[in-house]
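>
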Amino acid sequence: MIAAIRGTQDILPGVVERWQFVEATACRVFEQYGYAELRTPVIEREELFAKGTGETTDIVQKEMYAFTDKDGERITLRPEATPSLVRAFVEHSLEQAMAVPKIYTIGPMFRRERPQKGRYRQFHQLDVEVFGVQDPSVDGEVIDLAWTLVRELGITGVELAVNSVGCPACRPAFAAALVAALGEDVKTLCGDCQRRAVTNPLRIFDCKVPADQPVIDRLPHTIDFLCDACRAHFDAVRKYLDLFAVPYTLSHRLVRGLDYYTRTTFEILSGNIGAQSAVLGGGRYDGLVKKLGGPDRVGIGFAAGIERLVLALAEGLPLPDKHPDVFVAALGDPAREASLALLRDLRRAGLNAQIEYEGRSLKSQMKRADRLKAPVVFILGEDELARGEVTVRRMAASEQVSVPLSQAVEFAKANR
Ligand code: HAM
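If you use this note's numbering, the sequence shown corresponds to residues 5 to 420, in order.
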């Protein structure tokens, strides 16, 4: 037996309904906020993420499924959607093509992380991005959209955390202040943090090693080092969140694990899904479009993990109870042909009609109808055929009536 690859999952019937609910709700809410869907390939040039997601990130350093293609090109399975959407925005000049460049995408992403509950190697994101809007009201709107999505899914027990990580003008001073505050303590931190202190000190706030926390708790906060423009922007974002009545907490440790963020960052965390608690995360990335070869346009967006949203859904969610409208049972060969013709007519009329393929006894056909939860069974045998009728059994009431074959479709429609 060849098993599925570690960190990947089959989404089985019975669970997939929850996925369909999440995806349908997301499409509805995204479209309501003016976003249009865009689908990008699963494979991209490795360079797109090395430059976009960032060389110092764990994703690029250790987690990409990258390979050399037969023609020598370096290709990777996408680890996230944002650089792909930026590429598509630039490649198709969406700024001209769309009235407002607000786009969303849904699909699988790949990161070679250590699998655990809520963390997979193939996972799925719902991702939204807006390009070209500098005004902080759009930060407020994007965060409101994230909050609305979670609320529309009926997910409770969540918290929204917000921060500002500044811009290239104010970040160097903050990084220097971090290194200075660490001082000699840096030698007591884990290997990852010692490396971060050199390559990207902000990322120290991502550290989960318990022994490191007392030192990290004493470090300065980004929002105390923002330049005037970043401070004004962040104040306005907070004002808009209040205006949209979106409850949030300030979290100075929310620096996010990707290199492109500037100013606003945010996450929604669930208290009910285990250690991998971030159901979604995002922020502003004002230099990214230019860095990837496009015009100097700002951007902001977020991505939610579908696996984590599904984990966070309420248990008793009213999901559609899928079952056929009618089951057709046939007895004997002549009736079998007539029953297939009836099946065809029922389906052409838009009904969900099912049949027993192997032509077993009536008893086993009724058992099958019962397992499928068909409320009505049409029985066709030689007698029925001779009379031009079907015998209709209503499963719940265990009662039978006869209906003319010519009226069977109308009867099924009326009784579904
Ligand atoms: P991210 O925080 O890396 O951000 O991922 C966003 C969400 O994807 C996470 O909050 C989580 O729900 C889900 N996720 C990430 N990794 C895994 C995994 N291994 N298994 C299961 N779920 C996972 C981004 O990807 C950015 N592109 C978000 C963004 C869009 N920022 C601006 N625009």
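Glycine included, C-beta positions come from ideal geometry on N, C-alpha and C.
In this text, all values refer to a predicted model and were calculated from it rather than measured experimentally.
#1: How long is the line joining the alpha carbons of A150 and I310, rounded to whole angstroms?
#2: Does DSSP put F248 in a helix, in a strand, or in coil?
#3: When the Cα of D374 is compared with those of H96, E95, Q36 and P328, which residue comes out closest?
#4: Taking the alpha-carbon of L182 as reference, which of R207, R200, V166 and L223 has the nearest alpha-carbon?
#5: Using 10 angstroms around the beta-carbon of P105, count the other beta-carbons present and answer buried if the total reaches 16, otherwise exposed.
#6: CB I304 to CB V146, shorter than 8 Å?
#7: When the distance is taken between beta carbons, is P83 closer than 8 Å to T57?
#8: For L52, is the beta carbon positioned less than 7 Å from some heavy atom of the ligand HAM?
#9: Which residues mark the beginning and the end of the alpha helix (DSSP H) in which V94 is found?
#10: Any idea what DSSP makes of M399, helix, strand or coil?
#11: Please return the same chain residues whose Cβ sits closer than 8 Å to the Cβ of K191, not counting the five positions on each side in sequence.
#12: To the nearest angstrom, report how far apart V405 and S343 are at their CA atoms.
#13: Taking 7 Å as the cut-off, is the CB of L223 close to at least one heavy atom of the ligand GTP?
#14: Could you check where the beta strand (DSSP E) with G309 kicks off and where it finishes?
#15: Please work out which residues of its chain come closer than 7 Å, Cβ to Cβ, to E117, disregarding the five sequence neighbours upstream and downstream, and give them in chain order.
#16: Can you name the residues that DSSP bridges to A165?
#17: In three-state DSSP terms, what is K106?
#18: According to DSSP, F229 sits in a beta bridge with which residue or residues?
#19: Just to confirm before moving on: does the CB-CB distance between T268 and G285 stay below 8 Å?
#20: Start and end of the beta strand (DSSP E) containing H383?
#21: With respect to the alpha helix (DSSP H) encompassing L346, which residues constitute its N-terminal and C-terminal limits?
#22: Under 7 Å from any heavy atom of the ligand HAM, does the C-beta of A30 make it?
#23: What whole-angstrom Cβ distance do G38 and P172 have, given they're in contact under 8 Å?
#24: Just to check my reading of the structure: T61 and D196 have Cβ atoms closer than 8 Å, yes? What is that Cβ distance to the nearest angstrom?
#25: Is A308 near the ligand HAM, in the sense that its beta carbon is under 7 Å from a heavy atom of that ligand?
#26: Let's test the definition: count the other Cβ atoms within 10 Å of the Cβ of D131 and tell me whether it reaches 16, buried, or not, exposed.
A quick look at the data gives this:
#1: Roughly 13 Å between the two C-alpha positions.
#2: F248: coil per DSSP, three-state reduction.
#3: With distances taken between Cα atoms, D374 lies closest to P328.
#4: Residue L223 is the option with its Cα nearest to L182.
#5: That one is buried.
#6: V146 sits close to I304, with the two beta carbons spaced by under 8 Å.
#7: The answer is yes: Cβ separation under 8 Å.
#8: Every heavy atom of the ligand HAM is 7 Å or more from the Cβ of L52, so no.
#9: V94: member of the alpha helix (DSSP H) spanning T86 to E95, first to last residue.
#10: Note: M399 maps to coil in three-state DSSP.
#11: Only Q198 meet the Cβ criterion.
#12: If I take the Cα positions, the gap works out to 17 Å.
#13: Absent from the structure shown: the ligand GTP. Ligands present: the ligand HAM.
#14: Run containing G309: G303 to G309, per the beta strand (DSSP E) assignment.
#15: In its chain, beyond the 5 residues on either side, E67, R123 and R125 have a beta carbon closer than 7 Å to the beta carbon of E117.
#16: According to DSSP, A165 bridges with T253 and E271.
#17: DSSP places K106 in strand when its eight states are reduced to three.
#18: Paired residues: none, contrary to the question.
#19: No, these two residues do not count as a Cβ contact at 8 Å.
#20: The question names His, but residue 383 is Ile in the sequence shown. Element bounds for I383: V380 to L384.
#21: Run containing L346: D337 to R352, per the alpha helix (DSSP H) assignment.
#22: For the ligand HAM, not one heavy atom lies less than 7 Å from the Cβ of A30.
#23: Between P172 and G38 the Cβ distance is about 30 Å, and since that is not below 8 Å, they are no contact.
#24: The pair is not a contact, with the Cβ atoms about 12 Å apart (cut-off 8 Å).
#25: Between the ligand HAM and A308, a heavy atom-to-CB distance of less than 7 Å is present.
#26: Counting Cβ neighbours within 10 Å, D131 comes out buried, since at least 16 surround it.
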